[in-house]
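S.K.:
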Amino acid sequence: MKAKPVLLNLTLVGITAGALLASVGIQLVWAGLQWVNQPLHSAMEALGGLAAIVMAFVLLQGRQEPGGGKFSLLALGFLSMGVFEEFHAIAEQDNGAVFLRSVASLVGGIGFALVWLPQSQTKGIRKLRLPWLIAAGTLAFGLWTLAFPDQLPQMIRDGQFTATAIAPKSLACILFLAGAARFLVDFRRSGRSDDYLFACLALLFGVAEFMFTYSALWDSGWWYWHALRLMTYVLVLGYVSHGYLQMIEEARLAEVARLLGDIGHDVKNLLQPGVTATALLQEELNELFGRLPATEQSKAKASHSLCNEVLGLLLDTSHRIQDRMKEMADCVTGLSVPLRFAPCRIASVVDSVLKTLRVLADEKGLALHTNGLERLPPIRADERRLYNALYNLVNNAIPEVPAGGSITISGHTEPGTDVIAVADTGRGMPPDVRDSLFTRRSISLKTGGTGLGIKIVKDVVDAHGGEVTVESQEGKGTTFFMRLPLQPPGNSAR
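Residues are numbered in this note's numbering as their position in the sequence shown, beginning at 1, plus a constant of 71.
#1: Classify His297 as helix, strand or coil using the three-state DSSP reduction.
#2: So, Pro224 versus Thr235, is the Cβ gap smaller than 8 Å?
#3: Quick one: measure Cβ to Cβ for Thr209 and Phe155, integer angstroms, because I've assumed they're closer than 8 Å.
#4: Looking at the strands, I want to know which residues DSSP matches up with Ser543.
#5: Mark Asn357 as exposed unless 16 or more other C-beta atoms lie within 10 angstroms of its C-beta, in which case mark it buried.
#6: Looking at the structure shown, is Phe232 part of a helix, part of a strand, or coil, going by DSSP?
#7: Decide if Val107 is buried, meaning its Cβ has at least 16 other Cβ atoms within 10 Å, or exposed.
#8: Nearest-angstrom Cα distance between Asn166 and Ser176?
#9: Can you list, in chain order, the residues of its chain with a C-beta nearer than 6 Å to that of Thr488? Leave out the 5 residues immediately preceding and following it.
#10: To the nearest whole angstrom, what separates the beta carbons of Gly104 and Ser291, a pair I think is in contact under 8 Å?
#11: Of the choices Arg172, Ile392, Lys141, whose alpha-carbon is the least far from that of Gly153?
#12: Less than 8 Å between the C-beta atoms of Phe183 and Gly230, yes or no?
#13: In terms of residues, what are the limits of the alpha helix (DSSP H) holding Leu437?
#14: By Cβ distance, which residues of its chain are closer than 7 Å to Glu471, with the 5 residues on each side in sequence left out?
#15: For Pro556, which residues does DSSP report across the bridge?
#16: What do you reckon, are the CB atoms on Val532 and Ala460 nearer than 8 Å?
#17: Reducing DSSP to helix, strand and coil, say where Pro566 ends up.
#18: Thinking C-alpha only, which one of Arg505, Gly345, Arg259, Arg362 is nearest Leu382?
#19: With burial defined as no fewer than 16 other Cβ atoms inside 10 Å of the residue's Cβ, what is the status of Asn467: buried or exposed?
#20: Grab the span of the alpha helix (DSSP H) containing Ala413 for me, first residue to last.
#21: Can you have a look at Gly571 and say buried or exposed, based on whether 16 or more other CB atoms are within 10 angstroms of its CB?
#22: Among the residues of its own chain, which have a CB less than 6 Å from the CB of Thr550, if the five just before and after it don't count?
#23: Just mark Asn463 as buried or exposed, buried being the case when its beta carbon has 16 or more other beta carbons within 10 Å.
#24: To the nearest angstrom, how far is the alpha carbon of Cys244 from that of Leu255?
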């Protein structure tokens, strides 16, 4: 047997033994103690009931995976137990209150024990209106208990619990322990942490019910029993807080993913007519220029070349956008587009980037320069992803550089590495923005900026086993350094 299961099993044994030994010690030290404190007792029970109800809500809303039917059954037990505990909290500590407490324990134990039902019998549980029916039933039963206390069985006599009170609590103890056993079996099969957590919760609930049979109203054992249940509910609340926040985050991300998928699909489709029309326009212009007399063709050669260059740029950019939209759709549907490593020359990638952005730079009066790129040795890289990274760096720099400024992409080599520097003469970044640039605290100073461009750059460089850094001074400009290994780790040349 592996060490981890042994350790976890010992933890469960330690929980049980510790709870029982603590009970024995408390009753020996404070034997005969009677402490009546109705407000404290009511507060403890009200907190426990609230935790159970919230837990039921989380389990019903957040358990949609295969096999989640057992959690729905468990939720019904928590819901019933929580409602009865709230009635118990507001009731006077008399026969009716003890009856409500016993019923709460019994229905909670039934909820835990029902997890033994086969999965085939728990399918579709969430589609039924059982939670509403159970909530209505427990409310009606609780109100009936408060309204007709004389019709209830005798639960206490001379400050001691009767057999009528002990019997349902003893049965609840057995049911909780049965639920703990089932969750422990499931944990050994699946390794899921929530199965182990619920095994611990059921075990603590079972031990608390066992303590009840050896206590009397308001004595030290009675208070210990309540304290143990409260500690169990603290664990429940901790799980609820974590699970509910996680559920909200997953729902938010799912909605964002759905929206991005829809946008990506629409943009990809909307681009297709433009791509087709651009290709037809290019063919038409070539045909028109070809019909010109020889003397006119020589005069229009420069214009013909410019038209082809602009139309080619539009086609290339449209195809790149379509590829990016496909990547977005793939990510939304759970696919991961693998990197395609192949021999790649940095100079060619930079040339494509600058060709795409030169018109935008010219409009702002900026100069785009390169330096030393032709001397860089080829690397194995995903050219498409590398283009995206360099495009984002240059595109982000253009709005930050005043007219007359420049953006320079240069390169040099280090042992086994190509180093690419993208330097601008812009306004630079404040130290706090610069230092948080590649962290989750990253912010964008551009109007409408999201910071996604820098994230794309870092993701691309990380995927190639490289490193990206930045140097920036306010008023003097910014330089990004991309260090890319000639051979990415784990990728052999073919």
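Glycine included, every Cβ here is placed at the ideal spot set by N, Cα and C.
M.R.: This is what the structure gives:
#1: Of the three classes helix, strand and coil, the one that applies to His297 here is helix, per DSSP.
#2: Contact flag set, yes.
#3: Correct: roughly 6 Å between the Cβ atoms.
#4: In DSSP, Ser543 forms a bridge with Thr549.
#5: That one is exposed.
#6: Note: Phe232 maps to strand in three-state DSSP.
#7: By the 10 Å Cβ count, Val107 comes out exposed.
#8: One C-alpha to the other measures close to 16 Å.
#9: These residues qualify, in order along the chain: Arg554, Pro556.
#10: Contrary to the premise, residue 104 reads as Leu rather than Gly in this sequence. Indeed they touch by this definition, with Cβ atoms about 5 Å apart.
#11: The alpha carbon of Gly153 has as its nearest neighbour, out of Arg172, Ile392, Lys141, the alpha carbon of Arg172.
#12: At least 8 Å separates the beta-carbon of Phe183 from that of Gly230.
#13: Membership of Leu437 in any alpha helix (DSSP H) is not indicated, and neither H nor E is assigned to it by DSSP.
#14: Cβ neighbours of Glu471 beyond the five flanking positions: Asp495, Gly497, Arg498.
#15: Per DSSP, Thr488.
#16: Yes, these two residues count as a Cβ contact at 8 Å.
#17: Any property of residue 566 remains undetermined from this structure, which presents the chain solely from 72 to 565.
#18: Looking at the Cα atoms, Gly345 is the closest of the given residues.
#19: With 16 or more other Cβ atoms within 10 Å, it is buried.
#20: It is not in any alpha helix (DSSP H) - Ala413 instead sits in the beta strand (DSSP E) that spans 413-415.
#21: With the chain covering 72 to 565 only, the question about residue 571 has no answer from this structure.
#22: Within the same chain, Ala492, Ala494, Glu542 come within 6 Å of Thr550 by CB-CB distance, once the 5 residues on both sides are set aside.
#23: Buried.
#24: Spanning the two alpha carbons is a distance of roughly 17 Å.
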